[in-house]
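Colleague: Taken in order, these protein sequences are the chains called A and B. Heads up, the first sequence is in my numbering, so the first residue is 1 and it goes up one at a time. Heads up, the second sequence is in my numbering, so the first residue is 120 and it goes up one at a time. Using N, Cα and C, we set each Cβ at its ideal position, and we do this for glycine too.
Number of protein chains: 2
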Amino acid sequence: MDERQALAAFAALGQEHRLRVVRALVTAGPDGLAAGVLAEAVNVAGNNLSFHLKELSHAGLITSRREGKSVIYSAAYAGLSDLVQFLMRDCCQGHPEVCNPAVAALAACDCTTGETLHA
Amino acid sequence: MDERQALAAFAALGQEHRLRVVRALVTAGPDGLAAGVLAEAVNVAGNNLSFHLKELSHAGLITSRREGKSVIYSAAYAGLSDLVQFLMRDCCQGHPEVCNPAVAALAACDCTTGETLHA
DNA sequence: TCTACGTTTCAACAGAAGTTGATATGTAGG
DNA sequence: CCTACATATCAACTTCTGTTGAAACGTAGA
């Protein structure tokens with residue numbers, strides 16, 4: 001991920017409705033949510049939400065697929081990871097005092113499979 | 120860190136000059152950089168930079184201290200960590216497939232002291 | 001205290017971003 | 001094919017954000 005992509009991703013996440021959409025989609029998991037369901041979840045008009053979804057899609061943070069009449073959106077887990085990687089890369093330029101708290105935070109996250117942490 | 124703070128932080132990082140400032144400060148380490156030096160580094164007029172620095176400060180991403188005539192800015196490592204934690208917290212809502220790539224990315228970062236990773 | 005230097009504040013402007021309502025596309029069922 | 005439903009697009013408006021130039025503040029040395 002280069003600066004331009006990171007910039008787009010951060011800008012996308014720096015908007016209330018879009019941040020809520022991403023959180024809702026990440027929570028929803030790989031199955032994702034239909035645009036209409038999302039619109040209700042974040043309380044945004046459908047046409048307006050569509051605008052934000054396009055923006056998030058361009059930023060590489062979400063993906064979409066059609067299922068019948070609905071369009072299902074889901075979190076782009078790879079994109080989110082890349083963004084974390086970008087932050088980590090920045091924090092690692094010889095100054096471990098930034099990274100270590102993040103590592104500790106991640107270690108406290110119990111969703112890890114144990115393959116990498118808790119070894 | 121609550122949503123409002125995360126929102127402010129993401130919005131702050133979603134701006135070219137501010138992202139460059141943060142990267143420069145993170146790279147510079149705890150000693151930080153004077154406002155004038157930063158202005159040259161990111162090629163932004165002093166008064167304009169001051170505006171961005173205030174914004175980053177409000178977002179909790181940087182701190183400042185006066186040293187003689189200069190004002191020295193440095194990265195708020197705790198704030199950056201909190202932001203990472205916020206992303207991690209979101210990604211951990213029962214869906215390890217998001218978290219694991221991030222964990223792998225962090226594991227590849229060689230700035231860790233080895234206390235948490237590489238165990 | 002006067003001057004020089006570094007930084008910040010302010011008002012004004014220009015441009016971008018978000019919202020809204022109307023309209024269009026695309027899909028399924030009768 | 002026609003209708004109903006779900007989503008997307010478009011143009012217009014409003015609001016927010018970033019930039020600029022002028023001026024103020026605060027600090028250090030003569």
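1. In the DSSP output, what is Val37/A paired with across the bridge?
2. Below 7 angstroms CB to CB, which residues in the same chain sit around Arg89/A once its five sequence neighbours on both sides are set aside?
3. Is any beta-carbon of chain B found at less than 8 angstroms from that of Cys51/A?
4. Using the DSSP secondary-structure output, state which residues sit across from Tyr192/B in a beta bridge.
5. Excluding sequence positions up to five away, which residues of its chain have a Cβ less than 6 angstroms from the Cβ of Asp201/B?
6. As a quick exercise: from Leu87/A, Leu7/A, Val21/A and Val37/A, pick the residue whose alpha carbon is nearest that of Ile62/A.
7. How about Gly233/B: is its C-beta nearer than 8 angstroms to some C-beta of chain A?
8. Tell me the DSSP secondary structure of Glu204/B in three-state form.
9. Does the segment 38 to 56 of chain A come into contact with the segment 156 to 176 of chain B, if we say contact requires no fewer than three beta-carbon pairs (one atom in each stretch) closer than 8 angstroms?
10. To which residues of the same chain is Leu13/A closer than 7 angstroms at the C-beta, ignoring the five residues directly before and after it?
Modeller: Checking against the coordinates, here is how it stands:
1. As far as DSSP is concerned, Val37/A takes part in no beta bridge.
2. So the list is empty, once near-sequence residues are dropped.
3. According to the sequence shown, residue 51/A is Phe rather than Cys. Closer than 8 angstroms: no.
4. Answer is Leu152/B and Ser183/B, bridged to Tyr192/B.
5. Cβ within range, chain order: Met120.
6. Checked all of Leu87/A, Leu7/A, Val21/A and Val37/A; the closest Cα to Ile62/A is Val21/A.
7. With a pLDDT of only 41 at Gly233/B, under 50, the local geometry of the prediction cannot be trusted, and no value is derived from it.
8. Per the sequence shown, the amino acid found at residue 204/B is Gln instead of Glu. Note: Gln204/B maps to helix in three-state DSSP.
9. Taking 8 angstroms as the limit for Cβ pairs, the verdict is that the segment 156 to 176 of chain B does not touch the segment 38 to 56 of chain A.
10. So the list reads Leu19 and Val22, once near-sequence residues are dropped.
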